[in-house]
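Under the UniProt record's numbering, the first residue of the sequence shown is numbered 1, with each subsequent residue one higher.
For reference, the structure is listed below as structure tokens.
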Amino acid sequence: MRLLLIEDEPALQSQINQLFSQRHWSVDVAGDGREGEYLGREYPYDVAVVDLGLPQMSGMEVISQWRKAGISTPILILTARDHWQQKVEGLEAGADDYLTKPFHPEELLARVNALARRAAGQSSSEIVAGPYRLDLGGQQLSRAGEPITLTSFEYRLIEYLMLHAGKVISKAQLTEHIYAQDYDRDSNVIEVLMTRLRKKMDPNSELKPLRTVRGQGYQFVVSDSGAAA
């Protein structure tokens, strides 16, 4: 999953970046509103966390510009505790949720995860498909109750595919969502990760949950009954 953080306080930037990076999120950080507004228009994000008190362009203006441009990225705003009117204005401008400072890191994580699930049409904190269970909170994949050990990038990849189960996802989309930096992005690595995931998830090639759709991308296709779709 890919997060855009627009926050001008270095300490808070670092805290939030570390919080989500440790949980396999790809995080892009902008220190002012103008840069953040640009990133939000240019790249696809699963969620954006926007501080309202930003230099160069206010968080409110960032949100307004995105919504006018038809950008539907879920947005969580950060506000000062006593600025209740900002919360109302932010929500009216198009934000989806808010959190007041100071906040508990785990609450921010829970709210952002909830926004990402809602945007993907997934209300539960876990995804179950056949013998596979993906615990989004604990970030653990299992098959028939047996944990499957994944690297950070493998987890990001299967999480995105399972959140969008049944949809064909292109290599370009996958690289955009699992890598934080442009220079890290290599679509050829996706093929390597997919090979590893197939071996770990389906060592005997019984279910074939990860399909390659030639010329288009990849698809997670296991049904609830456990049979390949």
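Ideal Cβ positions, reconstructed from N, Cα and C, are used throughout, including at glycine.
Subject >> CA nearest to the CA of G31, picked from H24, R23, A119 and V62 >> reply: V62
Subject >> Reference A165; option with closest CA among R196, S152, K68 and A120 >> reply: Residue A120 is the option with its Cα nearest to A165.
Subject >> Collapsed DSSP secondary structure at Y183 in the structure displayed >> reply: Any reading at Y183 needs caution, since the residue's pLDDT is 44, under 50, leaving its predicted position unreliable; the model's value is listed next. Y183 falls in the helix class under three-state DSSP.
Original post:
What residues in its chain sit with their C-beta under 8 Å from that of E89, if we drop five residues either side in the sequence?
Top reply: M60
Subject >> Distance between Q15 and G138 (C-alpha atoms, nearest Å) >> reply: 20 Å
Subject >> Three-state secondary structure assigned by DSSP to R214 >> reply: coil
Subject >> Cβ-Cβ separation, R2 to E176 (assumed contact under 8 Å), whole Å >> reply: 7 Å
Original post:
Does the segment 139-154 come within contact of the segment 199-218, defined as at least 3 CB pairs closer than 8 Å?
Top reply: yes
Original post:
Roughly how many angstroms lie between the CA atoms of Q85 and T100, to the nearest whole one?
Top reply: 12 Å
Original post:
How about the segment 93-111 and the segment 30-44: do they share at least three Cβ pairs that are nearer than 8 Å?
Top reply: no
**OP:** Enumerate in chain order the residues of its own chain whose CB-to-CB distance from R156 is below 6 Å, with the five nearest sequence positions on each side excluded.
**Re:** Answer for R156: H24 and I178, listed in chain order.
Subject >> Reduced DSSP secondary structure (H/G/I, E/B, other) of A228 >> reply: Because the pLDDT at A228 is just 48, under 50, the model does not fix this residue reliably, and the point stays unresolved.
Subject >> Helix, strand or coil at A69 [DSSP, three-state] >> reply: A69 falls in the coil class under three-state DSSP.
Subject >> Alpha-carbon spacing of L109 relative to L19, whole angstroms >> reply: If you take the alpha carbons of L109 and L19, they lie about 8 Å apart.
Original post:
So the beta strand (DSSP E) Q140 belongs to, where does it begin and stop?
Top reply: Q140 to R143
**OP:** Take S132 and list the residues in its own chain whose beta-carbon comes closer than 8 Å to its own, dropping the five residues that flank it on each side.
**Re:** In the sequence as displayed, the identity of residue 132 is Tyr instead of Ser. In its chain, beyond the 5 residues on either side, L141, S142, R143, M162, M201, P209 and V222 have a beta carbon closer than 8 Å to the beta carbon of Y132.
Subject >> Sequence-distant residues of the same chain with beta carbon closer than 8 Å to M194, five excluded per side >> reply: L157, L210, T212 and Y218
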